[in-house]
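Student:
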Amino acid sequence: MEFYNKPGDYDAINYIPHTESHGTKELWKTFWLLLGITVLDFVIYFVMPASGWRNFIFIFFGLVKAYYIVGAFMHLKHEKINLALVILVPMVFVLGLISGLLYEGSALEVMKSL
Amino acid sequence: MANHTSTQASFENQPTWAGGRSPFNVSYGKLMMWIFLLSDAFTFSTLLVQYGTQRFSNVVTPITTKWPDPASIFNHFPFMHGLHLPLLFVSVMTFILILSSVTMVLAVEAGHRKSKAEVARYMVYTIIGGIAFLSCQAWEWYTFIHEGARLDGNTFGITKQGYDHLTSVGFGDHFEWADGDRTFGPVPFAALFFIVTGFHGFHVFSGVVINVVVYIMTVRGVFERRGHYEMIEKAGLYWHFVDLVWVFVFTFFYLI
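Line order of the protein sequences matches chains L and G. Each residue of the first sequence is one higher than the last, beginning at 1 in the numbering used here. Each residue of the second sequence is one higher than the last, beginning at 115 in the numbering used here.
#1: Determine the DSSP secondary structure at His288 of chain G, reduced to helix, strand or coil.
#2: Below 9 Å on C-beta distance, what does Leu102 of chain L contact in chain G?
#3: How far does the alpha helix (DSSP H) with Trp255 of chain G in it reach, from first residue to last?
#4: Over the uninterrupted alpha helix (DSSP H) stretch that includes Asp357 of chain G, give me the two end residues.
#5: Cβ of Lys25 of chain L less than 8 Å from any chain G Cβ?
#6: Can you find a CB in chain L that lies within less than 8 Å of the CB of His354 of chain G?
#7: Could you tell me the distance, in whole angstroms, from the CA atom of Ile239 of chain G to the CA atom of Ser215 of chain G?
#8: What are the boundary residues of the alpha helix (DSSP H) that includes Asp266 of chain G?
#9: Quick check on the DSSP output: the alpha helix (DSSP H) that includes Asp278 of chain G runs from which residue to which?
#10: Under the rule that 16 or more other beta-carbon atoms within 10 Å means buried, what is Leu88 of chain L, buried or exposed?
#11: Near Ala116 of chain G, what residues of its chain come up, given a Cβ to Cβ distance below 6 Å and the 5 sequence neighbours on each side ignored?
#12: At a CB-CB cut-off below 9 Å, which residues of chain L make contact with Arg235 of chain G?
#13: Alpha carbon to alpha carbon, what distance is there between Leu265 of chain G and Asp295 of chain G?
#14: Does the region 338-345 of chain G come into contact with the region 304-321 of chain G, if we say contact requires no fewer than three beta-carbon pairs (one atom in each stretch) closer than 8 Å?
#15: Run down chain G in chain order and give the residues with a C-beta less than 8 Å from the C-beta of Lys112 of chain L.
#16: Ile210 of chain G CB to nearest chain L CB: under 8 Å?
#17: Quick check on the DSSP output: the alpha helix (DSSP H) that includes His226 of chain G runs from which residue to which?
#18: Helix, strand or coil: how does DSSP classify Gly271 of chain G here?
#19: In its own chain, which residues sit with a C-beta less than 8 Å from the C-beta of Gly350 of chain G, not counting the 5 before and 5 after it?
#20: Skipping 5 residues on each side, what residues in its chain have a beta carbon closer than 6 Å to that of Arg169 of chain G?
#21: Quick one: Cα of Trp353 of chain G to Cα of Thr269 of chain G, how far?
#22: Could you pull the DSSP bridge partners for Thr297 of chain G from this structure?
#23: Compare the Cα-Cα distances from Gln251 of chain G to each of G:Leu211, G:Lys228 and G:Ser282 and report the closest residue.
#24: Closer than 7 Å by C-beta to Gly267 of chain G: which residues in its own chain qualify, once you throw out the five before and the five after it? Chain order, please.
#25: Should Lys29 of chain L be labelled buried (16 or more other beta-carbon atoms within 10 Å of its own) or exposed?
#26: Between Tyr45 of chain L and Leu369 of chain G, how many whole angstroms is the CB-CB distance? I'm expecting something under 8 Å.
#27: If Ser171 of chain G sits next to Ile16 of chain L, beta carbons under 8 Å apart, how far is it from one beta carbon to the other, in whole angstroms?
#28: Report the rounded CA-to-CA distance for Ala231 of chain G versus Val64 of chain L, giving the unit in angstroms.
#29: For Gly71 of chain L, collect the residues of the same chain with a Cβ closer than 6 Å to its Cβ; drop the 5 residues on either side in sequence, then sort them by chain order.
#30: Can you list, in chain order, the residues of its chain with a C-beta nearer than 7 Å to that of His378 of chain G? Leave out the 5 residues immediately preceding and following it.
#31: Using a Cβ-Cβ cutoff of 8 Å, what residues of the region 322-338 of chain G are near chain L? List them in chain order.
#32: Between the alpha carbons of Ile98 of chain L and Phe362 of chain G, how many angstroms are there, rounded?
#33: To be precise: take each residue of the region 141-155 of chain G, compare its Cβ to all Cβ atoms of chain L, and keep it if any distance is under 7 Å. Which residues remain?
#34: Classify Leu114 of chain L as helix, strand or coil using the three-state DSSP reduction.
#35: Against Arg227 of chain G, what residues of chain L qualify as contacts under a CB-to-CB distance less than 7 Å, listed in chain order?
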């Protein structure tokens with residue numbers, strides 16, 4: 001194994017991987033998808049009466065939108081899987097924390113009425 | 115390996131854990147931007163936890179001194195005074211932000227082709243979108259405060275009379291609160307709205323500033339001389355993150 005001691009051999013700070021344009025087709029597709037889901041949000045809001053199921057649909061649509069923004073716009077789909085995991089795995093735990101504390105929130109509601 | 119012609123080539127051929135190689139195959143700056151965005155996502159998550167817990171301990175019911183129904187509050191649209199138009203204005207804001215996200219990603223794509231003029235043009239569109247969004251939010255805040263929103267109180271609880279009044283108006287009908295329609299509700303309602311949308315708005319503002327700086331650098335040919343437009347990608351990552359946060363603000367503050 002060789003080590004780099006000469007200046008200019010090892011340059012982590014200025015390293016830029018080679019990038020190429022993949023065209024705009026995927027980007028516009030993502031745009032229409034995001035727009036479509038937002039319009040669908042709007043429609044469901046007025047068509048469906050408020051309920052837990054409707055909230056579930058809204059949150060699900062939110063996660064779908066997040067997937068397309070992070071995957072296509074932020075290009076994470078095309079990065080190395082290691083990088084994607086470093087970013088996504090902690091967020092899974094945070095989502096777990098949020099849903100856990102929502103549950104605790106409704107327990108607070110019960111306790112306040114005692 | 116002793117006499118490599120290009121630093122970059124030797125850099126890429128190093129084994130992953132020997133040092134002198136980017137294991138994720140991204141630049142230092144981009145990796146740091148991702149790490150920053152992850153920490154920023156945690157920050158917004160703490161705000162969402164706070165909001166969600168408060169909200170779930172004050173469950174929404176139509177007739178309530180509890181959590182107010184967003185449709186009864188955010189139902190205004192500029193130049194359509196007194197009409198009941200829930201969700202419409204905030205959908206327009208969402209559309210503006212999605213559109214500016216697309217122009218940003220088109221600037222990144224133009225940067226890959228090293229087309230300076232196109233990058234500059236799309237950056238201008240993105241900046242205009244950001245400023246439009248901020249203006250919308252300023253109007254939204256102005257209207258909300260005008261309606262009586264305060265950090266230390268909440269007068270958006272709805273009485274039985276208010277509920278009957280609200281359900282009797284359709285989309286686009288004339289609507290004004292009458293005496294006795296409203297009562298007190300949970301105190302942190304407006305404070306949480308201001309903190310979360312304010313924090314997001316501050317991010318949009320910073321994004322616009324970053325985009326303006328990057329635009330000026332593009333026009334002055336800094337990236338052209340540098341040989342790559344990677345700075346546009348970094349600014350783009352931040353801008354898309356702002357859009358991403360808005361998706362959840364939109365869902366949790368307006369839809370649910």
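All C-beta atoms in this analysis are idealised placements derived from N, C-alpha and C, irrespective of residue type, glycine included.
Tutor: Let's see:
#1: The sequence position of residue 288 of chain G within the second sequence is 174, counting from 1. If DSSP states are grouped into helix, strand and coil, His288 of chain G belongs with the strands.
#2: Taking the first sequence and counting its residues from 1, one reaches residue 102 of chain L at position 102. Simply Val163, Gly166, Thr167, Arg169 and Phe170.
#3: Position 141 of the second sequence, counted from the start, is the residue given in the question as residue 255 of chain G. It spans Lys230 to His260 - the alpha helix (DSSP H) in which Trp255 of chain G sits, taken as one unbroken run.
#4: Locating residue 357 of chain G in the second sequence gives position 243, where the first residue counts as 1. Glu344 to Val363 is the span of the alpha helix (DSSP H), which, as asked, contains Asp357 of chain G.
#5: For the purposes of this step, residue 25 of chain L is taken as residue 25 along the first sequence, with counting starting at 1. Output row for Lys25 of chain L: interface = no.
#6: Mapped onto the second sequence, residue 354 of chain G falls at position 240. It does: the Cβ of His354 of chain G has a partner Cβ on chain L nearer than 8 Å.
#7: Translated into positions along the second sequence, residue 239 of chain G becomes position 125. Translated into positions along the second sequence, residue 215 of chain G becomes position 101. The identity of residue 239 of chain G in the sequence shown is Tyr, whereas the question assumes Ile. Roughly 10 Å between the two C-alpha positions.
#8: For the purposes of this step, residue 266 of chain G is taken as the residue at position 152 of the second sequence. Per DSSP, Asp266 of chain G lies in no alpha helix (DSSP H) segment and is marked neither H nor E.
#9: For the purposes of this step, residue 278 of chain G is taken as the residue at position 164 of the second sequence. Its alpha helix (DSSP H) spans residues Lys274 to Ser282.
#10: Counted from its first residue, the first sequence places residue 88 of chain L at position 88. Classification for Leu88 of chain L: exposed.
#11: Along the second sequence, one-based indexing puts residue 116 of chain G at 2. Unreliable positioning characterises Ala116 of chain G in this predicted model, as indicated by a pLDDT of 43, which lies under 50. A coordinate reading is not provided.
#12: Along the second sequence, read from residue 1 onward, the residue named residue 235 of chain G stands at position 121. Residues of chain L passing the Cβ test: none, with the nearest at roughly 14 Å.
#13: Within the second sequence, residue 295 of chain G is the residue found at index 181, counting from 1. Within the second sequence, residue 265 of chain G is the residue found at index 151, counting from 1. For Asp295 of chain G and Leu265 of chain G, the distance between alpha carbons rounds to 21 Å.
#14: Fewer than three pairs of CB atoms, one per stretch, sit closer than 8 Å, so the region 338-345 of chain G makes no contact with the region 304-321 of chain G.
#15: Reading the first sequence from its first residue, position 112 is the one you call residue 112 of chain L. Ser171, listed in chain order.
#16: By one-based count along the second sequence, residue 210 of chain G stands at place 96. False, the Cβ-Cβ gap to chain L never drops below 8 Å.
#17: The residue given as residue 226 of chain G occupies position 112 in the second sequence. In this chain, the alpha helix (DSSP H) harbouring His226 of chain G covers Leu202 to His226.
#18: Numbered from 1 along the second sequence, position 157 holds the residue referred to as residue 271 of chain G. Correct three-state label for Gly271 of chain G: strand.
#19: One-based indexing of the second sequence puts residue 350 of chain G at position 236. Scanning its chain for C-beta atoms nearer than 8 Å, with the 5 sequence neighbours on each side dropped, one finds around Gly350 of chain G the residues Met218, Val219, Ala221 and Val222, in chain order.
#20: Here residue 169 of chain G is taken as the residue at index 55 of the second sequence, counted from 1. Trp181.
#21: In the second sequence, residue 353 of chain G corresponds to position 239, counting from 1. In the second sequence, residue 269 of chain G corresponds to position 155, counting from 1. For Trp353 of chain G and Thr269 of chain G, the distance between alpha carbons rounds to 35 Å.
#22: Residue 297 of chain G sits at position 183 when you count from the first residue of the second sequence. G:Gly271, per the DSSP bridge assignment.
#23: In the second sequence, the residue the question calls residue 251 of chain G occupies position 137. When each option's Cα is compared against that of Gln251 of chain G, the closest is G:Leu211.
#24: Start at 1 with the first residue of the second sequence, and residue 267 of chain G comes out as number 153. Val301.
#25: Residue 29 of chain L sits at position 29 when you count from the first residue of the first sequence. Classification of Lys29 of chain L: exposed, given that the 10 Å Cβ count is below 16.
#26: One-based indexing of the first sequence puts residue 45 of chain L at position 45. One-based indexing of the second sequence puts residue 369 of chain G at position 255. The pair is a contact, with the Cβ atoms about 6 Å apart (cut-off 8 Å).
#27: For this step, residue 171 of chain G is matched to residue 57 along the second sequence. For this step, residue 16 of chain L is matched to residue 16 along the first sequence. The Cβ separation is near 49 Å, so there is no contact.
#28: Numbered from its first residue, the second sequence carries residue 231 of chain G at position 117. Numbered from its first residue, the first sequence carries residue 64 of chain L at position 64. Val64 of chain L has its alpha-carbon roughly 34 Å from the corresponding atom of Ala231 of chain G.
#29: Translated into the one-based positions of the first sequence, residue 71 of chain L becomes position 71. Sequence-distant partners of Gly71 of chain L (beyond 5 residues in either direction) whose C-beta falls short of 6 Å from its own C-beta, in its chain, are Lys77.
#30: This structure cannot settle anything about residue 378 of chain G, because the visible part of chain G is limited to 115 through 370.
#31: Answer in chain order: no residues at all.
#32: Position 98 of the first sequence, counted from the first residue, corresponds to residue 98 of chain L. Position 248 of the second sequence, counted from the first residue, corresponds to residue 362 of chain G. In a straight line, the C-alpha of Ile98 of chain L is about 13 Å away from that of Phe362 of chain G.
#33: Residues Ser141, Tyr142, Trp148, Leu152 and Ala155.
#34: In the first sequence, counting from the first residue as 1, residue 114 of chain L sits at position 114. Leu114 of chain L: coil per DSSP, three-state reduction.
#35: As a first step, residue 227 of chain G must be located in the second sequence, where it is residue number 113. By Cβ distance, chain L contributes Ser21.
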